[in-house]
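Below is one structure, written out as structure tokens; comments come after it.
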């Protein structure tokens, strides 16, 4: 059996596509991850294939051409647009078509528009997405809310499966070379680590304001920020804030690194930080992979108080939650920093235990295999 996973935006080495779906499906099929960017690896299963990109239309056509050569039995489309080549492949080859919905695409798209236009744009986007999904035989999503939004009363149909973005067990234990760019950081220790997109909605400026409030009490405080700026204006605001608050000695900035090497930095940190504006619905509803990675590394989490975060962090005593205000975030960080060592070790062990027992991708594999088996 052959399975093609097609994407027009993710790297072929993307965590979910390669380390999770790809590796899992490689146990039962020849699996190909095809995208317009990333690494090439045609020999080893899961195979990674990069097609020539360019415009959106050219990329979709290139994905179709490459997948058609492979003649897959099953195609998994990762974004709404990649359902178009998926549908074309289904009609041409008679293959089965699945989807993998890993975010609230409609909400993410509407954030580009004026707030008065957002409700209309969202409804139009959802209508188009539903029309394309009509051609699929089933699929998976990272949470039930995404399925509810798209399928309503049919969201719990056995054809649809919830596979959260849980970390892969022991992925950081694989021996690997340490890039020279990480050598210095590997020998340092950090009070806090933040990993993710560096955006306003993910609270980057509030992080800086919080650290400025803590600086007098903790003069040697260190925070490692790992990620990319998606907006040059945010990068300018970040740099201005670092200088204004005189945080150059406290902030360490590292660009994005491959997922399998994240553990190198997590192991040098004490607490994981995940901030987001709770008014952004899609961020309040989705369990962020980074929080789960913090837990897998034994890092208690400092995050924002929402129902979802309360159900994970607060209920299981895995960290602390705060209101989305700089002074409240600073108070939460301070409380964690002042925690007695014995309490910290106990909390860290709870993070490791719950990740091992509940929040790991390997425990989800049987459900994925059952879904594929039903499609044969």
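Residue numbers (the numbering used here): 12 to 387. Cβ coordinates follow ideal geometry from the N, Cα and C atoms, glycine included.
Asked                                                                                                                                                       : Found
Assuming residue 330 and residue 315 make a contact with CB atoms under 8 Å, what is their CB distance in whole Å?                                          : Residue 330 to residue 315, Cβ: 11 Å. No contact.
Give a yes or no on whether the C-beta atoms belonging to residue 13 and residue 96 are separated by under 7 Å.                                             : no
Give me the residue from 307, 131, 111 and 247 with the minimum Cα distance to residue 178.                                                                 : 307
Just mark residue 99 as buried or exposed, buried being the case when its beta carbon has 16 or more other beta carbons within 10 Å.                        : buried
Is it true that the CB of residue 309 sits closer than 7 Å to the CB of residue 364?                                                                        : no
Considering only the alpha carbon of each residue, which of 138, 16, 93 and 369 lies closest to residue 40?                                                 : 16
Assuming residue 143 and residue 91 form a contact by the criterion Cβ under 8 Å, report the distance between their Cβ atoms to the nearest whole angstrom. : 6 Å
Please state the DSSP three-state secondary structure of residue 152.                                                                                       : strand
Does the distance from the CB of residue 120 to the CB of residue 153 come in under 7 Å?                                                                    : no
Thinking C-alpha only, which one of 237, 255, 233 and 210 is nearest residue 7?                                                                             : Residue 7 lies beyond the residue range present for the chain, which begins at 12 and ends at 387; the question has no answer from this structure.
For residue 51 versus residue 62, is the C-beta distance shorter than 7 Å?                                                                                  : no
Over the uninterrupted alpha helix (DSSP H) stretch that includes residue 140, give me the two end residues.                                                : 129-144
Out of 27, 34 and 138, which has the shortest C-alpha to C-alpha gap to residue 111?                                                                        : 27
With DSSP as the reference, please indicate the residues paired to residue 285 in a beta bridge.                                                            : 314
By alpha-carbon positions, which one of 35, 19 and 334 ends up nearest to residue 70?                                                                       : 19
According to DSSP, what are the bridge partners of residue 5?                                                                                               : Residue coverage of the chain in this structure runs from 12 to 387, which leaves residue 5 outside it and unanswerable.
Exposed or buried, what is residue 250 when buried is set at 16 or more other beta-carbons lying within 10 Å of its beta-carbon?                            : exposed
Looking at the unbroken alpha helix (DSSP H) that takes in residue 255, where does it start and where does it end?                                          : 243-255
Rounded to a whole number of angstroms, what is the C-alpha to C-alpha distance between residue 232 and residue 246?                                        : 22 Å
Alpha carbon to alpha carbon, how far is residue 87 from residue 264? Give it in angstroms, no decimals.                                                    : 35 Å
Is any heavy atom of the ligand MN found at a distance shorter than 6 Å from the C-beta of residue 177?                                                     : By its list of ligands, the structure shown contains no ligand whatsoever, and the ligand MN lies outside what it can speak to.
When the distance is taken between beta carbons, is residue 24 closer than 7 Å to residue 57?                                                               : no
For the alpha helix (DSSP H) holding residue 362, just list the boundary residues, first then last.                                                         : 352-368
Relative to the C-alpha of residue 282, which residue among 147, 30 and 350 is closest?                                                                     : 350
What does DSSP give as the partner residue(s) for residue 237 in the beta ladder?                                                                           : 206 and 265
When we look at the beta-carbon of residue 186 and count the other beta-carbons within 10 Å, is it buried (16 or more) or exposed?                          : Because residue 186 carries a pLDDT of 48, less than 50, the predicted location of this residue cannot be relied on, and no value is offered for it.
Where does residue 292 sit, in a helix, a strand or coil, going by DSSP?                                                                                    : helix
Rounded to a whole number of angstroms, what is the C-alpha to C-alpha distance between residue 156 and residue 80?                                         : 36 Å
Rounded to whole angstroms, what is the Cα-Cα separation between residue 343 and residue 272?                                                               : 28 Å
Using the Cα positions of residue 381 and residue 288, report the straight-line distance between them to the nearest angstrom.                              : 37 Å
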